[in-house]
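Protein chains in written order, with this note's numbering: chain A, 121 to 384; chain G, 121 to 384; chain P, 121 to 384. A virtual CB, placed ideally from N, CA and C, is assigned to each residue, including glycine. Every value quoted in this text rests on a predicted model; they were computed, and no experiment measured them. Please read the structure below before turning to the comments.
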Amino acid sequence: MTKWNHLFADAFVSAEAEIGVSVEVGPGAVVHSGVRLGDHVQVGPHCVIGQDSQGKSDSTTIGAGAIIRSHSVVYSGVVLGPQLETGHHVVIRDGTIAGENLRIGNFSDIEGQCSIGDYCRFHGYVHIGRGSTIGDFVWLYSLVTVTNDPLPPSEIFEPVSIDHGAVVCVGATIMPGTHIGIGAFVCAGTIARGEIPTGAVVAGPDGSVVNHVKRLVHLGTGLQHPWMNHFRRGFPEDCNERLEALRREILASCVEDDFLGGRR
Amino acid sequence: MTKWNHLFADAFVSAEAEIGVSVEVGPGAVVHSGVRLGDHVQVGPHCVIGQDSQGKSDSTTIGAGAIIRSHSVVYSGVVLGPQLETGHHVVIRDGTIAGENLRIGNFSDIEGQCSIGDYCRFHGYVHIGRGSTIGDFVWLYSLVTVTNDPLPPSEIFEPVSIDHGAVVCVGATIMPGTHIGIGAFVCAGTIARGEIPTGAVVAGPDGSVVNHVKRLVHLGTGLQHPWMNHFRRGFPEDCNERLEALRREILASCVEDDFLGGRR
Amino acid sequence: MTKWNHLFADAFVSAEAEIGVSVEVGPGAVVHSGVRLGDHVQVGPHCVIGQDSQGKSDSTTIGAGAIIRSHSVVYSGVVLGPQLETGHHVVIRDGTIAGENLRIGNFSDIEGQCSIGDYCRFHGYVHIGRGSTIGDFVWLYSLVTVTNDPLPPSEIFEPVSIDHGAVVCVGATIMPGTHIGIGAFVCAGTIARGEIPTGAVVAGPDGSVVNHVKRLVHLGTGLQHPWMNHFRRGFPEDCNERLEALRREILASCVEDDFLGGRR
């Protein structure tokens, strides 16, 4: 029988979990032994933190200042950096390691053994297959699915990697073994595959290169990608240098006048 | 510390919440202060009602006769009309106002600041972006995603509006700024955009107009759209006049013999 | 008022539920009267088992050895065979009957009155419409949606049936009335419809037949479908004979040299 920590009268917090200062745990939440919650962490109602995985029970580290919203499940064997923010009903499985200030939307699912950089933003219903590698400042919009099996079902394992600053729009599917280059842009509903160059825009059921992100312009406002030209909300000031370096690298990738190779 | 209402021994109901007559609250559910539950409301197990939003805590009003199924989350600052019915694991964020008898399926997510009319039916995994405006008698089927940012990520905000009686089928994506006219029909998997006329049928990755709903006929039964021709289940009798007016307006929109403009 | 079983101090287990030996029930889980949990069943935190359906409360049977992960909801009137395994936040509605060792991923939803065979594997966000019939050894990947209404909304009911050993890849939509033949393969993002022959590969927005599964080969490894050629993980040895018979039947369906009928 687990012994509960009686400081959290309405929750099920193991007496063996390590709890930082000013931690809040909502009614009904379960925090298993082996979990370390950093200072000022908020765990919402009915979450389960440190869920063991097939009998294995590793430690789980949640960095300082995290907000984990209700009904979320974080497995044991997970290390999440400071200022994490999850939506409701999020699942993060064993072996996932994420950097600073990851934000994950409602109903998203990180299937484990994933490496995720700093300041990533995932919206709702994002499904990241086991073994994926994701850089810094990556945007995954609703219903993006990242796969890993090229001949389903099989034992072949070809995980995806997504480089810094890439943007994957609503409902895109990333096929096994895809590499998405720095700052690339995957349009809504695309089935992306293969090698996607730095700064490329891909679209359609074959994931063809159709443009360079530099040519993504909003007519009404004149705003122009790469996105770090005009969007910095939610990033601390000390990100500016990294974002600026990414911006330059993406712009530099647009060397040809006729980038539209994918259309010929 | 919140003081719990001891009439609900298995749940966490704030003593400051206003509770109507014959209200039921399932085990583990959390009802915050500032919530008003109308008469005969049922709150399922493990729901969270009146969740505050970034420190702001407005009131939350759930109309009489609502059934909120387990694991659902309703934020503070929400006003939901009578006879609401949610599936399980539904999320409704702050600033959403809905009319009578909204029905929302499992795992759906209304992202806030949305205005929703009467008698809407949303199936599962429906994601409605912040700021959307939705009329009466609107049908959104599974995995429909309603967006609002035309150059993601950006600060540009172009929410969608969907008029009375429109039908959006499984897996359609509604691009930012789209206006879906009265009784229009968006086929499964469509990426819809721009101005969709009253009664139009749109389909495909460009959301082209391919038909008028009047020409949607089921061969086996002879049933023919607009849907209020043959479907009234679940609507109270006093809706008939409103449905009849919609039906006439949709039929009247099919004036040309050659409506199929989108195909030329 | 329900009387709780005090052997499960942290959960809400009806004293009238039938509980097998070595059953575990996680904190906050609700188990209603009329539920029978077989031996060694594990019910995760915050699950709801035996939820009644519109006032009707039938019995619910969960076979021996089942693992039901947290936040899942199983309605009354459901019969699930032994060795069931669900992910988190799964919903299974009334009238569903499933065979042995069904595995269902996170956020999947079986809408009721479905018949499901043995050893099926459903990944996450799988939505199975009411009344579907699914054979043995069927694979449904993430976001697969199985529909049933050909003229939504209408009272017409044309459920789908999926035969033994079929594989439906990520994000495919199965239109109403579709019959997927034995061992057929539906590619990612396909909108499948009509009669899909044994062993056929279908793809694209029209669900055209583009190949026979025998011609699905992974170049790097030389592995070749049908999948039971090379994949047997997770099936007990006594399945081998059934899988072998399926394999032979699928191979035998590729009689013509020019199977690619769908492309001409």
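At the C-beta level, Gln171(A) and His152(A) come within 8 Å of one another. For Trp259(P), the beta-bridge partners assigned by DSSP are Arg241(P), Val287(P).
For Leu157(A), the enclosing beta strand (DSSP E) starts and ends at 155-157. The beta carbon of Thr206(P) sits no closer than 8 Å to any beta carbon of chain G.
Inside the region 301-376 of chain G, DSSP marks whole alpha helix (DSSP H) runs of 4 or more residues at positions 360-372, from first to last along the chain. Counted as a single uninterrupted DSSP element, the stretch harbouring Gly219(G) is not any beta strand (DSSP E), since DSSP gives it neither H nor E.
Sorting Leu336(A), Pro346(A), Ile276(A), Ser373(A) by C-alpha distance to the C-alpha of Gly340(P) places Ile276(A) at the top.
For Ser274(P), the three-state secondary structure derived from DSSP is coil.
Taking a cut-off of 8 Å for Cβ pairs, the region 157-171 of chain P and the region 178-188 of chain G do not touch, as fewer than three such pairs fall below it. Shown here for Gly148(P): same chain residues with a beta carbon closer than 6 Å to its own, the five before and five after excluded, namely Pro165, His166 in chain order. Spatial neighbours of Cys374(G) in its own chain (CB-CB distance under 7 Å, excluding positions within 5 residues in sequence) are listed in chain order as Gly319, His332, Lys334.
Assigned with DSSP and collapsed to three states, Thr206(P) falls in strand. For the region 187-199 of chain P, residues whose beta-carbon sits nearer than 7 Å to a beta-carbon of chain G comprise His191, Val193. Taking the beta carbon of Phe132(G) as reference, no residue of chain P falls within 8 Å; the closest one sits roughly 11 Å away.
For Ser262(P), the nearest CB of chain A lies under 8 Å from its own CB, placing it at the interface with that chain. Restricting attention to Asp256(G), Asp326(G), Gly251(G), Val330(G), the CA atom closest to the CA of Phe242(G) is found in Asp256(G). In the three-state reduction of the DSSP assignment, His247(A) falls in the strand class. Taking CB atoms only, His284(A) has no neighbour in chain G less than 8 Å away. The residue among Pro356(P), Asp358(P), Arg367(P) with its C-alpha nearest the C-alpha of His350(P) is Arg367(P). Sequence-distant Cβ neighbours of Thr267(G) in its own chain, meaning closer than 8 Å and more than five residues away, are Gly249, Val280, Thr293, Ile294, Met295, Pro296.
Distance from the Cα of Asn360(A) is smallest, within the candidate group Glu369(A), Leu371(A), Ile370(A), Met348(A), for Met348(A).
The Cβ atoms of His284(G) and Ile300(G) lie no closer than 8 Å to each other. If you draw a straight line from the Cα of Cys307(P) to the Cα of Phe132(A), it comes to about 44 Å. Exclusion of the five residues before and after Ile311(P) leaves Thr293, Pro325, Gly327 as the residues of its chain whose Cβ lies within less than 6 Å of its Cβ. Nearest CB-CB separation between Glu136(A) and chain P: not below the 8 Å threshold. Here Asp172(P) carries a coil assignment [DSSP, helix/strand/coil]. Residues of chain G with a Cβ closer than 7 Å to the Cβ of Val155(P) do not exist; the shortest Cβ-Cβ separation is about 14 Å.
Of the residues His208(A), Leu204(A), Ile212(A), Gln203(A), the one whose Cα lies closest to the Cα of Ser196(A) is Ile212(A). Put simply, the backbone Cα of Tyr245(P) is about 32 Å away from that of Gly158(A). Taking 7 Å as the upper bound on Cβ-Cβ separation, chain P lies near residues Phe227, Asp229, Tyr245, His247 of the region 224-248 of chain A. Beta-bridge annotation (DSSP): Leu200(P) is paired with Ile182(P), Ala218(P). Under DSSP, Val151(G) forms a beta bridge with Val133(G), Ile169(G). Interface annotation for the region 351-371 of chain P against chain A: Phe351, Arg353, criterion Cβ-Cβ distance under 8 Å. Counted as a single uninterrupted DSSP element, the beta strand (DSSP E) harbouring Val194(A) occupies residues 193-195. When secondary structure is reduced to three states using DSSP, Glu144(A) falls in the strand class. Residues of the region 160-178 of chain G whose Cβ lies closer than 8 Å to any Cβ of chain A, in chain order: His166, Val168, Gln171.
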